[in-house]
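Asker:
Protein chains: 2
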Amino acid sequence: MPTMDEVSGPSRLAEPGERISAEELQLAARNHGIPLEALRYDVTPAGLHYLLIHYDIPDLDAAEHRLTVDGRVDRPLSLDLTDLRTRPRVTRRVTLECAGNGRALLEPRPVSQPWLVEAVGTAEWTGTPLAPLLREAGIDPEAVDVVFTGADHGVERGVEQDYQRALPAAEALREEPLLAYEMNGSPLLPQHGAPLRLIVPGWYGMAHVKWLSRITVLDRQFDGFQNAVAYRLRQRAEEAGVPVTRIEPRALVRPPGFPDFMSRTRVLRPGPCRLDGRAWSGYAQLTGVEVSTDGGATWAAARLAPPEAGGGPDLAWRRWWYEWSATPGRYTLSARATDASGRCQPVEQPWNRGGFANNLVQRVPVTVLDE
Amino acid sequence: MPTMDEVSGPSRLAEPGERISAEELQLAARNHGIPLEALRYDVTPAGLHYLLIHYDIPDLDAAEHRLTVDGRVDRPLSLDLTDLRTRPRVTRRVTLECAGNGRALLEPRPVSQPWLVEAVGTAEWTGTPLAPLLREAGIDPEAVDVVFTGADHGVERGVEQDYQRALPAAEALREEPLLAYEMNGSPLLPQHGAPLRLIVPGWYGMAHVKWLSRITVLDRQFDGFQNAVAYRLRQRAEEAGVPVTRIEPRALVRPPGFPDFMSRTRVLRPGPCRLDGRAWSGYAQLTGVEVSTDGGATWAAARLAPPEAGGGPDLAWRRWWYEWSATPGRYTLSARATDASGRCQPVEQPWNRGGFANNLVQRVPVTVLDE
Numbered sequence: 619m620p621t622m623d624e625v626s627g628p629s630r631l632a633e634p635g636e637r638i639s640a641e642e643l644q645l646a647a648r649n650h651g652i653p654l655e656a657l658r659y660d661v662t663p664a665g666l667h668y669l670l671i672h673y674d675i676p677d678l679d680a681a682e683h684r685l686t687v688d689g690r691v692d693r694p695l696s697l698d699l700t701d702l703r704t705r706p707r708v709t710r711r712v713t714l715e716c717a718g719n720g721r722a723l724l725e726p727r728p729v730s731q732p733w734l735v736e737a738v739g740t741a742e743w744t745g746t747p748l749a750p751l752l753r754e755a756g757i758d759p760e761a762v763d764v765v766f767t768g769a770d771h772g773v774e775r776g777v778e779q780d781y782q783r784a785l786p787a788a789e790a791l792r793e794e795p796l797l798a799y800e801m802n803g804s805p806l807l808p809q810h811g812a813p814l815r816l817i818v819p820g821w822y823g824m825a826h827v828k829w830l831s832r833i834t835v836l837d838r839q840f841d842g843f844q845n846a847v848a849y850r851l852r853q854r855a856e857e858a859g860v861p862v863t864r865i866e867p868r869a870l871v872r873p874p875g876f877p878d879f880m881s882r883t884r885v886l887r888p889g890p891c892r893l894d895g896r897a898w899s900g901y902a903q904l905t906g907v908e909v910s911t912d913g914g915a916t917w918a919a920a921r922l923a924p925p926e927a928g929g930g931p932d933l934a935w936r937r938w939w940y941e942w943s944a945t946p947g948r949y950t951l952s953a954r955a956t957d958a959s960g961r962c963q964p965v966e967q968p969w970n971r972g973g974f975a976n977n978l979v980q981r982v983p984v985t986v987l988d989e
Numbered sequence: 619m620p621t622m623d624e625v626s627g628p629s630r631l632a633e634p635g636e637r638i639s640a641e642e643l644q645l646a647a648r649n650h651g652i653p654l655e656a657l658r659y660d661v662t663p664a665g666l667h668y669l670l671i672h673y674d675i676p677d678l679d680a681a682e683h684r685l686t687v688d689g690r691v692d693r694p695l696s697l698d699l700t701d702l703r704t705r706p707r708v709t710r711r712v713t714l715e716c717a718g719n720g721r722a723l724l725e726p727r728p729v730s731q732p733w734l735v736e737a738v739g740t741a742e743w744t745g746t747p748l749a750p751l752l753r754e755a756g757i758d759p760e761a762v763d764v765v766f767t768g769a770d771h772g773v774e775r776g777v778e779q780d781y782q783r784a785l786p787a788a789e790a791l792r793e794e795p796l797l798a799y800e801m802n803g804s805p806l807l808p809q810h811g812a813p814l815r816l817i818v819p820g821w822y823g824m825a826h827v828k829w830l831s832r833i834t835v836l837d838r839q840f841d842g843f844q845n846a847v848a849y850r851l852r853q854r855a856e857e858a859g860v861p862v863t864r865i866e867p868r869a870l871v872r873p874p875g876f877p878d879f880m881s882r883t884r885v886l887r888p889g890p891c892r893l894d895g896r897a898w899s900g901y902a903q904l905t906g907v908e909v910s911t912d913g914g915a916t917w918a919a920a921r922l923a924p925p926e927a928g929g930g931p932d933l934a935w936r937r938w939w940y941e942w943s944a945t946p947g948r949y950t951l952s953a954r955a956t957d958a959s960g961r962c963q964p965v966e967q968p969w970n971r972g973g974f975a976n977n978l979v980q981r982v983p984v985t986v987l988d989e
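Those sequence lines, one after another, are chains A and B. Each number in the working numbering corresponds to the 1-based position in the first sequence with 618 added. Each number in the working numbering corresponds to the 1-based position in the second sequence with 618 added.
(1) Would you decide whether A:R889 is buried or exposed? Buried here means 16 or more other CB atoms lie within 10 Å of its CB.
(2) Got a sec? Which residues, its chain only, sit under 6 Å from B:L816 by beta carbon, not counting five neighbours each side?
(3) Using DSSP bridges, identify the partner residues of A:Y949.
(4) Exposed or buried, which one is A:V860 when buried takes at least 16 other CB atoms within 10 Å?
(5) Exposed or buried, B:A919, counting other C-beta atoms within 10 Å across all chains shown (16 or more means buried)?
(6) Hey, how far is the Cα of A:P805 from the Cα of B:L748?
(7) Measure the alpha-carbon distance for A:N845 versus B:R630 and round it to whole angstroms.
(8) From the beta carbon of B:D878, is the nearest beta carbon of chain A less than 8 Å away?
(9) What residues from the region 659–678 of chain B come within 9 Å of chain A, judged by C-beta to C-beta, listed N to C?
(10) Is it the case that the region 750–758 of chain B contacts the region 669–676 of chain B, given that we only count it when at least three CB pairs across the two stretches are under 8 Å?
(11) Is the beta carbon of B:I652 sitting closer than 8 Å to the one on B:L666?
(12) Give the residues of chain B in contact with A:R637, contact being defined as C-beta atoms less than 7 Å apart.
(13) I need the DSSP call for B:Q844, collapsed to helix, strand or coil.
(14) Excluding the five sequence neighbours on either side, which residues of its own chain have a C-beta within less than 6 Å of the C-beta of A:R850, listed in chain order?
(15) Helix, strand or coil for B:D932 per DSSP?
(16) If we cut at 8 Å on Cβ distances, does B:P808 have a partner in chain A?
(17) Cβ of A:S730 less than 8 Å from any chain B Cβ?
(18) Short of 7 Å Cβ to Cβ, which residues in the region 938–965 of chain B face chain A?
(19) Would you check if the distance between the CB atom of B:R937 and the CB atom of B:R896 is smaller than 8 Å?
(20) Does the beta-carbon distance from B:G820 to B:E794 come in below 8 Å?
(21) Report the three-state DSSP secondary structure of B:Q963 (helix, strand or coil).
(22) What did DSSP end up calling B:E736 once you bin it into helix, strand or coil?
(23) Are the CB atoms of A:A902 and A:P931 within a distance shorter than 8 Å?
(24) If you measure from the beta carbon of B:H826 to each beta carbon in chain A, is any gap under 8 Å?
(25) Roughly how many angstroms lie between the CA atoms of B:T662 and B:W898, to the nearest whole one?
(26) Could you tell me the alpha carbon to alpha carbon distance between A:L714 and A:R838, rounded to whole angstroms?
(27) Taking its Cβ as the centre, do 16 or more other Cβ atoms sit within 10 Å of B:G635, making it buried, or is it exposed?
(28) To the nearest angstrom, report how far apart B:I865 and B:W935 are at their CA atoms.
(29) Is B:L978 helix, strand or coil when you go by DSSP?
(30) Using 8 Å as the limit for Cβ to Cβ distance, is A:P987 near chain B?
(31) Closer than 9 Å, Cβ to Cβ, to anything on chain A: give me those residues from the region 680–694 of chain B, in chain order.
(32) Quick one: is B:R883 near chain A, going by C-beta distance under 8 Å?
(33) Can you confirm whether B:A774, when its beta carbon is compared against all beta carbons of chain A, has any partner nearer than 8 Å?
(34) Can you check which of these residues, A:E800, A:R948, A:V818, is closest to A:R981 by C-alpha distance?
(35) Hey, B:V738 and B:Y659: beta-carbon distance below 8 Å or not?
(36) Buried or exposed: which applies to B:D878, given that a residue is buried once 16 or more other Cβ atoms fall within 10 Å of its Cβ?
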């Protein structure tokens with residue numbers, strides 16, 4: 619008789635030189651990245667923000683949906699969207715990036731969603747701050763983890779589950795996290811978590827639980843799949859590893875010129891060319907972006923748009939630009955970001971078995987024609 | 619010195635067993651399909667409709683954008699969006715499908731955008747009918763083709779071009795084609811052709827030119843790249859072939875149960891299960907949808923939602939459903955559509971070098987657990 623175990627295999631690494639499998643392509647066809655020319659927008663328009671959906675988009679009725687707050691709290695809560703909308707309302711511009719961004723460029727390649735560099739987007743998220751709600755519920759001062767449960771249901775490596783991910787209580791009680799019900803001024807789209815999702819500025823996407831239905835306070839570490847098994851940094855399968863948390867600094871180049879359809883190689887004509895793009899870090903404010911036009915051999919400082927007022931980490935990406943004089947030839951363009959915590963993007967791949975938090979510099983092949 | 623020729627290679631077929639290349643993955647990461655669970659919606663929400671963008675999304679200013687109508691017309695026109703919005707306004711619900719849908723399942727596989735089955739979507743398009751505008755411009759009664767030029771610019775197989783595709787004049791003068799400026803009640807999104815695109819109900823996506831800037835009437839056949847070289851049905855590279863036109867009938871199953879993350883295999887528990895999905899054809903009204911739960915060995919009639927009033931082809935997909943009694947085991951679910959022109963979906967692949975108009979039946983692997 620069929621069992622759950624036979625439906626999903628163990629995690630694996632691709633063999634040397636092994637190309638993308640049918641399963642990886644199937645994920646790439648449904649979870650999409652930002653088209654890189656859309657780095658032109660300060661706020662990513664609907665439909666261009668990256669998407670990573672573990673299971674299926676659930677079919678939730680906003681009018682019926684309820685959020686439960688329970689576990690180690692004095693006063694458990696059950697709230698509907700009207701309750702949440704009558705609470706204090708804030709809007710934050712936040713850059714989200716998938717923890718697996720860049721995975722498909724790693725060698726050996728962890729076999730999972732095969733991102734290149736495009737799993738990022740920036741939106742204006744509107745909702746109510748999480749921390750005051752936890753305090754109103756009377757969160758236990760001894761709380762260790764806060765578990766967020768979504769309504770998306772599936773199986774992963776043999777474990778049937780609703781998607782669940784926990785934050786340390788101290789992170790959940792910071793000022794930034796939001797219970798968001800709007801994106802770019804409109805109600806959340808189904809694929810972005812309608813009617814309610816968590817936003818944890820500065821953290822990789824796995825923390826921003828979509829289709830949020832339950833918040834559970836624990837007096838111990840959460841041992842659920844997405845915290846204890848999946849999103850962890852480890853070199854070998856048998857290691858416990860450490861959890862994936864905040865976003866490493868990264869800069870992306872908005873590819874200049876125009877593309878070839880199949881190879882996406884960029885074509886330019888000679889002359890002055892302003893290169894630009896975006897940069898971000900979930901750890902600290904950016905201190906600089908550098909540009910290379912020779913595949914990383916030499917670097918020059920780019921200009922960087924000023925940060926938001928306040929001096930905290932850059933919750934949203936910042937624009938950078940660099941004046942290039944393009945002469946005929948073949949080039950590889952890259953940009954790299956450095957932040958105030960001292961983190962910088964490596965030119966050698968930072969490898970781990972899940973392919974997480976990999977901020978290897980992007981490489982954009984460009985051909986400058988003779989005329 | 620670098621030349622345009624070296625930027626793009628010739629078309630090619632994958633070797634037997636050759637997996638997806640880095641170039642195909644790069645296209646899959648930016649051009650996305652509909653997540654199949656979104657077949658639940660009559661009208662596909664923003665961001666879930668399939669997208670195929672040949673080059674880059676151009677950055678157009680709606681306030682400055684103009685549409686030129688020229689060539690074999692008595693009175694050339696230049697219109698802005700305000701002019702177009704003051705013309706008669708109609709809304710049509712239309713299903714669009716990429717001509718290359720299903721390409722990545724073909725053997726041998728044409729190397730291009732590697733669609734599986736998900737390159738489809740349905741929207742409410744609002745705009746002004748094309749034919750009255752052509753008549754007002756005084757279209758030459760001897761007109762043969764009408765060329766639609768978009769603002770997206772790139773190179774394809776060595777040919778630098780703005781995207782251009784022509785319709786036969788008789789098709790352009792039918793009642794259905796629209797110059798659309800809204801999608802689902804909102805202004806077009808950048809990736810769907812903002813501020814203006816052509817909609818040609820019943821035709822594959824290559825005809826629905828986005829970022830429309832020019833309409834040129836010819837008294838001869840258009841010999842541009844997308845008509846004469848690219849979107850053609852041919853068995854051998856040296857054949858002239860015939861142009862890709864209308865959408866072959868197809869049915870898709872909305873995958874039941876819940877998925878495994880990596881394999882997307884569906885898991886169900888035993889019991890009654892209503893299977894459903896969508897079906898469409900650009901040639902004629904659908905006459906039936908059949909369902910198979912045994913990989914195509916046997917078929918049973920599904921129920922089909924009634925067509926729109928009027929008796930013409932189904933411009934938008936129709937819902938179908940089938941009551942299945944799921945007992946433990948492993949199944950392959952399929953559905954196939956038949957239309958009033960006698961077209962039906964094949965169980966053997968309809969192969970051509972471009973992988974176009976391939977409506978091979980979908981196969982959805984399902985595991986029904988013991989309990």
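Cβ atoms here follow ideal geometry from the backbone N, Cα and C, with glycine treated the same way.
Answerer: The short version:
(1) Reading off the sequence, residue 889 of chain A comes out as Gly, not Arg. Result: exposed.
(2) Only F766, H826, V827, L830 meet the Cβ criterion.
(3) According to DSSP, which records beta bridges pairwise, A:Y949 is partnered with A:V984.
(4) Counting Cβ neighbours within 10 Å, A:V860 comes out exposed, since fewer than 16 surround it.
(5) By the neighbour-count rule (16 or more Cβ atoms within 10 Å), B:A919 is not buried but exposed.
(6) Distance from the CA of A:P805 to the CA of B:L748, rounded to the nearest whole angstrom, comes to 34 Å.
(7) The alpha-carbon atoms of A:N845 and B:R630 are separated by roughly 44 Å.
(8) In terms of beta-carbon proximity, B:D878 lines the interface with chain A, with at least one pair separated by less than 8 Å.
(9) Taking 9 Å as the upper bound on Cβ-Cβ separation, chain A lies near residues Y659, P663, A664, G665, L666, H667, L669, I671, H672, Y673, D674, I675, P676, D677 of the region 659–678 of chain B.
(10) Segments in contact, no.
(11) Their beta carbons are under 8 Å apart, which means B:I652 touches B:L666 by this criterion.
(12) The contacting residues are R637, I638, S639.
(13) Residue state, collapsed to three classes: helix.
(14) Answer for A:R850: G859, P861, listed in chain order.
(15) DSSP places B:D932 outside both helix and strand once states are collapsed to three, so it counts as coil.
(16) Cβ-Cβ to chain A under 8 Å: yes for B:P808.
(17) At least one chain B Cβ lies under 8 Å of A:S730.
(18) Answer set for the region 938–965 of chain B: P946, G947, R948.
(19) Their beta carbons are under 8 Å apart, which means B:R937 touches B:R896 by this criterion.
(20) Judged by beta-carbon spacing, B:E794 lies within the 8 Å limit of B:G820, meaning their Cβ atoms are closer than that value.
(21) Per DSSP, reduced to three states, the secondary structure at B:Q963 is coil, with no helix or strand assignment.
(22) When DSSP states are grouped into helix, strand and coil, B:E736 belongs to the coil group.
(23) Yes, the Cβ-Cβ distance between A:P931 and A:A902 is below 8 Å.
(24) With 8 Å as the cut-off, B:H826 does not count as an interface residue toward chain A.
(25) Those two C-alpha atoms are separated by around 15 Å.
(26) If you take the alpha carbons of A:L714 and A:R838, they lie about 28 Å apart.
(27) Counting Cβ neighbours within 10 Å, B:G635 comes out exposed, since fewer than 16 surround it.
(28) The alpha-carbon atoms of B:I865 and B:W935 are separated by roughly 11 Å.
(29) Coil at B:L978, not helix or strand.
(30) Looking at the sequence shown, residue 987 of chain A is not Pro but Leu. A:L987 counts as touching chain B.
(31) Per Cβ criterion, the list is empty.
(32) The sequence as given places Thr at residue 883 of chain B; Arg does not occur at that position. Answer yes: the Cβ-Cβ gap between B:T883 and chain A drops below 8 Å somewhere.
(33) Per the sequence shown, residue 774 of chain B should be read as Glu rather than Ala. Cβ-Cβ to chain A under 8 Å: yes for B:E774.
(34) Nearest of A:E800, A:R948, A:V818 to A:R981, Cα basis: A:R948.
(35) Not a contact, by the Cβ cut-off of 8 Å.
(36) Burial call: buried.
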